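Numbering (the numbering used here), first residue to last: 368 to 510.
Each residue gets a CB set at the ideal place from its N, CA and C atoms; glycine is no exception.
No experiment lies behind these values; they were computed from the predicted model shown.
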(Lines of atoms letter the chains of each structure in order from A; the text may use other names.)
(Lines give C-alpha, C1' and ligand atoms only; values in the text may rest on other atoms or scores of the structure.)
Protein backbone atom coordinates (compact mmCIF):
# COMPACT_ATOMS: atom_id res chain seq x y z
CA UNK A 368 0.00 0.00 0.00
CA UNK A 369 2.81 2.43 0.89
CA UNK A 370 4.46 1.91 -2.50
CA UNK A 371 1.17 2.54 -4.30
CA UNK A 372 0.52 5.77 -2.38
CA UNK A 373 4.09 6.92 -2.98
CA UNK A 374 3.69 6.39 -6.72
CA UNK A 375 0.49 8.49 -6.69
CA UNK A 376 2.28 11.55 -5.32
CA UNK A 377 2.64 13.89 -2.35
CA UNK A 378 -1.02 14.27 -1.41
CA UNK A 379 -1.50 10.53 -1.26
CA UNK A 380 1.70 10.20 0.78
CA UNK A 381 0.30 12.70 3.30
CA UNK A 382 -2.95 10.71 3.42
CA UNK A 383 -0.95 7.54 4.03
CA UNK A 384 1.06 9.24 6.79
CA UNK A 385 -2.16 10.25 8.48
CA UNK A 386 -3.64 6.76 8.15
CA UNK A 387 -0.44 5.24 9.56
CA UNK A 388 -1.33 6.82 12.89
CA UNK A 389 -4.74 5.09 12.89
CA UNK A 390 -4.29 1.31 13.16
CA UNK A 391 -7.82 1.21 14.57
CA UNK A 392 -9.07 2.17 11.10
CA UNK A 393 -6.59 0.53 8.72
CA UNK A 394 -5.29 -2.45 10.79
CA UNK A 395 -1.97 -2.87 12.57
CA UNK A 396 -0.34 -4.50 9.55
CA UNK A 397 -1.31 -1.72 7.14
CA UNK A 398 -0.33 0.98 9.65
CA UNK A 399 3.15 -0.59 9.89
CA UNK A 400 3.41 -0.61 6.09
CA UNK A 401 2.29 3.02 5.87
CA UNK A 402 4.89 4.06 8.47
CA UNK A 403 7.44 3.79 5.63
CA UNK A 404 5.97 7.01 4.29
CA UNK A 405 7.21 8.99 7.29
CA UNK A 406 9.59 11.40 5.54
CA UNK A 407 12.01 8.96 3.95
CA UNK A 408 11.60 9.82 0.30
CA UNK A 409 14.24 10.24 -2.39
CA UNK A 410 15.35 13.84 -2.90
CA UNK A 411 14.91 15.69 -6.15
CA UNK A 412 17.99 16.69 -8.15
CA UNK A 413 20.36 19.44 -6.95
CA UNK A 414 19.92 21.26 -10.26
CA UNK A 415 16.16 21.39 -9.64
CA UNK A 416 16.68 22.59 -6.06
CA UNK A 417 19.03 25.35 -7.22
CA UNK A 418 16.58 26.41 -9.94
CA UNK A 419 13.70 26.55 -7.42
CA UNK A 420 15.76 28.74 -5.05
CA UNK A 421 16.73 31.03 -7.93
CA UNK A 422 13.11 31.30 -9.07
CA UNK A 423 11.83 32.02 -5.56
CA UNK A 424 14.56 34.48 -4.56
CA UNK A 425 15.07 36.12 -7.95
CA UNK A 426 18.80 35.40 -8.28
CA UNK A 427 21.21 32.48 -8.41
CA UNK A 428 22.03 30.55 -5.24
CA UNK A 429 25.55 32.08 -5.17
CA UNK A 430 24.00 35.53 -4.67
CA UNK A 431 22.80 34.45 -1.21
CA UNK A 432 24.92 31.51 -0.07
CA UNK A 433 28.66 30.84 0.07
CA UNK A 434 27.84 27.14 0.47
CA UNK A 435 24.75 25.23 -0.61
CA UNK A 436 24.93 21.54 0.26
CA UNK A 437 23.06 18.47 -0.90
CA UNK A 438 19.72 17.64 0.73
CA UNK A 439 19.92 16.49 4.34
CA UNK A 440 16.25 15.42 4.43
CA UNK A 441 13.56 14.80 1.84
CA UNK A 442 9.85 14.44 2.47
CA UNK A 443 6.63 14.38 0.47
CA UNK A 444 6.22 18.15 0.31
CA UNK A 445 9.76 19.53 0.49
CA UNK A 446 13.41 18.84 1.12
CA UNK A 447 15.96 20.61 3.29
CA UNK A 448 19.49 21.72 2.38
CA UNK A 449 22.24 22.95 4.68
CA UNK A 450 23.66 26.25 3.45
CA UNK A 451 25.85 29.10 4.63
CA UNK A 452 24.79 32.68 4.01
CA UNK A 453 27.10 35.28 2.57
CA UNK A 454 28.27 37.75 5.21
CA UNK A 455 26.63 41.15 5.03
CA UNK A 456 27.98 44.58 5.95
CA UNK A 457 26.80 44.15 9.54
CA UNK A 458 25.74 40.49 9.64
CA UNK A 459 28.13 37.57 9.93
CA UNK A 460 27.83 34.50 7.75
CA UNK A 461 25.40 31.94 9.20
CA UNK A 462 24.69 28.28 8.70
CA UNK A 463 21.02 27.89 7.79
CA UNK A 464 18.51 25.28 6.70
CA UNK A 465 16.90 26.00 3.34
CA UNK A 466 13.55 24.28 2.84
CA UNK A 467 12.55 23.89 -0.81
CA UNK A 468 9.08 22.82 -1.89
CA UNK A 469 8.94 20.04 -4.43
CA UNK A 470 8.33 21.52 -7.90
CA UNK A 471 4.64 21.62 -8.81
CA UNK A 472 3.54 20.63 -5.30
CA UNK A 473 0.88 23.33 -4.90
CA UNK A 474 -0.88 22.42 -8.15
CA UNK A 475 -0.69 18.68 -7.48
CA UNK A 476 -1.95 19.05 -3.92
CA UNK A 477 -4.91 21.22 -4.99
CA UNK A 478 -5.88 18.72 -7.71
CA UNK A 479 -5.61 15.75 -5.36
CA UNK A 480 -7.62 17.47 -2.63
CA UNK A 481 -10.49 17.98 -5.07
CA UNK A 482 -10.49 14.22 -5.66
CA UNK A 483 -10.28 13.49 -1.93
CA UNK A 484 -13.25 15.76 -1.16
CA UNK A 485 -15.31 14.19 -3.95
CA UNK A 486 -14.57 10.69 -2.66
CA UNK A 487 -15.23 11.69 0.97
CA UNK A 488 -18.62 13.19 0.04
CA UNK A 489 -19.51 10.04 -1.92
CA UNK A 490 -18.59 7.83 1.03
CA UNK A 491 -20.57 10.05 3.37
CA UNK A 492 -23.67 9.84 1.14
CA UNK A 493 -23.55 6.19 0.15
CA UNK A 494 -21.82 4.27 2.94
CA UNK A 495 -23.67 4.68 6.25
CA UNK A 496 -21.22 2.38 8.06
CA UNK A 497 -18.29 4.72 7.31
CA UNK A 498 -20.05 7.97 8.28
CA UNK A 499 -18.78 7.48 11.83
CA UNK A 500 -15.27 8.08 10.45
CA UNK A 501 -16.35 11.53 9.18
CA UNK A 502 -14.52 11.32 5.85
CA UNK A 503 -15.11 14.97 4.87
CA UNK A 504 -13.63 16.16 8.17
CA UNK A 505 -10.63 13.90 7.65
CA UNK A 506 -9.95 15.51 4.27
CA UNK A 507 -10.38 18.97 5.80
CA UNK A 508 -7.65 18.11 8.31
CA UNK A 509 -5.41 16.95 5.47
CA UNK A 510 -6.10 20.16 3.55
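Cβ neighbour criterion (16 or more within 10 Å) applied to residue 455: Under this definition residue 455 is an exposed residue.
Expected contact under 8 Å - CB spacing of residue 503 and residue 488 to nearest Å: Between residue 503 and residue 488 the beta-carbon gap is near 6 Å, inside 8 Å, which marks them as a contact.
Unbroken stretches of the alpha helix (DSSP H), 4 residues or longer, contained in the stretch 396-428: As far as the stretch 396-428 is concerned, its whole alpha helix (DSSP H) runs of at least 4 residues are 413-424.
Cβ-based neighbour list, residue 479, same chain, cut-off 6 Å, excluding 5 preceding and 5 following: Excluding residues up to 5 positions away in sequence, 378 lie with their Cβ nearer than 6 Å to the Cβ of residue 479 in the same chain.
At least three beta-carbon pairs within less than 8 Å, the stretch 423-430 to the stretch 386-402: No, the stretch 423-430 is not in contact with the stretch 386-402.
N-terminal and C-terminal residue of the alpha helix (DSSP H) that residue 378 is part of: First-last of the alpha helix (DSSP H) with residue 378: 377-387.
Cross-strand partners of residue 459 (DSSP beta bridge): For residue 459, which the question treats as bridged, DSSP gives no partner whatsoever.
Environment of residue 383 [buried if 16+ CB atoms lie within 10 Å]: The residue in question, residue 383, is buried, as its Cβ has 16 or more Cβ neighbours within 10 Å.
The alpha helix (DSSP H) enclosing residue 390, as first and last residue numbers: Counting along the chain, the alpha helix (DSSP H) containing residue 390 begins and ends at 390-393.
Three-state secondary structure assigned by DSSP to residue 435: Looking at residue 435 - three-state DSSP - the assignment turns out to be strand.
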